[in-house]
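The sequence shown begins at 290 in our numbering and counts up by one.
Idealized CB from N, CA, C, for every residue including glycine.
The structure appears right after this line, and notes come after that.
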Amino acid sequence: MFDNHLVGQPLVKKLFIRLIQAQRVPHALLLHGPEGTGKVACALALARALHCEREEAGACESCSQCGRTMELNHPDFSVLMPLQLRMKQDAVRLIQLDVLKDPYGYARPEENLIIPIDSVRERQKRFAYSSFEGSWRTAVILHADRMRA
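Written as structure tokens, this is what we have:
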């Protein structure tokens, strides 16, 4: 549920729960604010809730969809973040899993790292098709201000 993941954001919780229950989630959301306010936790909680098999507004964390999103094995869920250009996939996955495990305390990317345009294009191609499972495709882009052409 959202209560487990969003600390001190009662209005945001209420808004997202209403959006999910009314099935009126916009195609894109930009979460902006000071560091430490829970933007990453909020984005991840919403993505997990959208992929959850249960009909409640929030991730149950016990169904197969929730498990697959938490392990980054869900074909309709991805996390993009600033990384070194030639970083190995295993290292990228470990960093992304660290973010999923603790969205409030993960290691912040260094200032000189970017989100390569190739990563964005790859997601675009994958998301151009209909979803593999369920009805949602979600991408959480962390530190989107670091995208470069």
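- Beta-bridge pairing by DSSP links residue 403 to 372.
- In terms of Cβ geometry, residue 347 and residue 296 do not form a close pair [threshold 8 Å].
- With a threshold of 16 other beta carbon atoms within 10 Å, residue 421 falls short and is exposed.
- Out of 304, 400, 383 and 309, the CA that lies nearest to the CA of residue 343 is found in 309.
- Contact between the region 362-372 and the region 392-402 is present: 3 or more CB-CB pairs across the two stretches fall below 8 Å.
- Here residue 368 has 385 and 429 as same chain residues with Cβ atoms under 6 Å from its own Cβ, once five neighbours each way along the sequence are excluded.
- Separation of residue 338 and residue 357 (C-alpha to C-alpha, rounded to the nearest whole angstrom) is 12 Å.
- In this structure, DSSP gives residue 326 a state outside helix and strand, which the three-state scheme calls coil.
- 8 Å or more divides the Cβ of residue 316 from the Cβ of residue 425.
- According to DSSP, residue 427 shares a beta bridge with 366.
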